[in-house]
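Asks: For the sequence shown, the working numbering gives the first residue as -15, with consecutive numbering after it. We put the beta carbon where it would ideally sit given N, CA and C, even for glycine. In this text the structure is predicted, and so the values were computed from the model without any measurement.
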Amino acid sequence: MATTTLPEFLRARRERLQPASTERRRTPGLRREEVAARADVTPALQRVLDNLRVPALVKTPTFQIVAWNRAAVAVIGDYAAIPERERNMLRRVFHPEAAAFLPHADDMRRTCLAAFRVDVARAGATEEAAALVDELMETSEDFRRLWAENELHTHGVRHRRLFKPTVGELVFEASTFSVDDSDGLSMVVLSPVDDDSARGVEQLIRELAE
């Protein structure tokens, strides 16, 4: 059912999107030569991530994570340690154990799913997206419930809350920027909203080095 309904949904949403609503924030300095074909990430783009002291990652329109920095490893997890297929935001937030590290899991899931609809509608990645939707429709009751809501959000700045046993709850402002001239790539940056969260990030980075 999801395979047939997703393209219809995307076509309807694309027709409703006006030019003003499709404008996206750009990250200065990221050019075509810095992003390899088929979502491969060059050393130059990786250096942009590594120069940030806050969690940051790069994702495709279907929310597949293709690059990340050390702070993201410390706060979110080591994507290199899991199979490539599992490096996907939707799979992670709709995982049965996600509530253990997401204090407001349902809000996070709703936000991610709504943004996913926007990204896929703009990029037109319907086949890959339909396969992911089919999978989650079969495996996640929460996904089925939220998918039926048909919510649509544009990317902006949002609060994200994560729980880490050694530092407690961390609160971030999540900002998403498109990567210039890439095949739909975008960078997500998590900025701590308060001193406690900033100190927590630094502590987690130190723990990673121990």
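1. Among the residues of its own chain, which have a CB less than 6 Å from the CB of I49, if the five just before and after it don't count?
2. Identify, in the order they occur along the chain, each residue of the same chain with its Cβ nearer than 6 Å to the Cβ of G184, setting aside the five sequence neighbours on each side.
3. Would you mind giving the Cβ-Cβ distance between S175 and V38, rounded to the nearest angstrom? I have them listed as a contact below 8 Å.
4. Buried or exposed, going by whether 16 or more other CB atoms sit within 10 Å of the CB of P45?
5. DSSP three-state call for A81: helix, strand or coil?
6. Using only the heavy atoms of the ligand GDP, determine whether one of them is closer than 8 Å to the beta carbon of E122.
7. Roughly how many angstroms lie between the CA atoms of V104 and A84, to the nearest whole one?
8. Report the rounded CA-to-CA distance for S217 versus D178, giving the unit in angstroms.
9. Let's see if you can read the secondary structure: which residues bound the alpha helix (DSSP H) around E125?
10. Any idea if L130 is buried or exposed, counting beta-carbon neighbours within 10 angstroms, 16 or more meaning buried?
11. With the cut-off set at 9 Å, would you say V57 and M171 are in Cβ contact?
12. Does DSSP classify R106 as helix, strand or coil?
13. By a C-beta neighbour count over all protein chains shown, 10 Å radius and 16 as the cutoff for buried, is F78 buried or exposed?
14. Excluding sequence positions up to five away, which residues of its chain have a Cβ less than 6 Å from the Cβ of A92?
15. Taking 9 Å as the threshold (C-beta atoms), are R75 and L120 in contact?
16. Do you know offhand how far C96's Cα is from E194's?
17. Reducing DSSP to helix, strand and coil, say where I189 ends up.
18. Quick check on DSSP: helix, strand or coil for V117?
19. Enumerated in chain order, which unbroken segments of the alpha helix (DSSP H) with a length of 4 residues or greater are wholly contained in the segment 17 to 65?
Replies: Reading off the structure:
1. L41, K43, Y63 and R71
2. V151 and L154
3. 5 Å
4. buried
5. One point to set straight first is that residue 81 is Glu, not Ala, in the sequence displayed. In the structure shown, E81 sits in coil (DSSP, three-state: anything other than H, G, I, E or B).
6. In terms of ligand content, the structure shown is empty, and the ligand GDP therefore cannot be addressed.
7. 28 Å
8. Within the shown structure, residues of the chain are numbered from -15 to 194, placing residue 217 beyond reach of any answer.
9. E125 to W131
10. buried
11. no
12. helix
13. buried
14. The sequence shown places Met at residue 92, rather than the Ala named in the question. The answer, listed in chain order, is V77 and L86.
15. yes
16. 33 Å
17. helix
18. helix
19. 27 to 34 and 54 to 59
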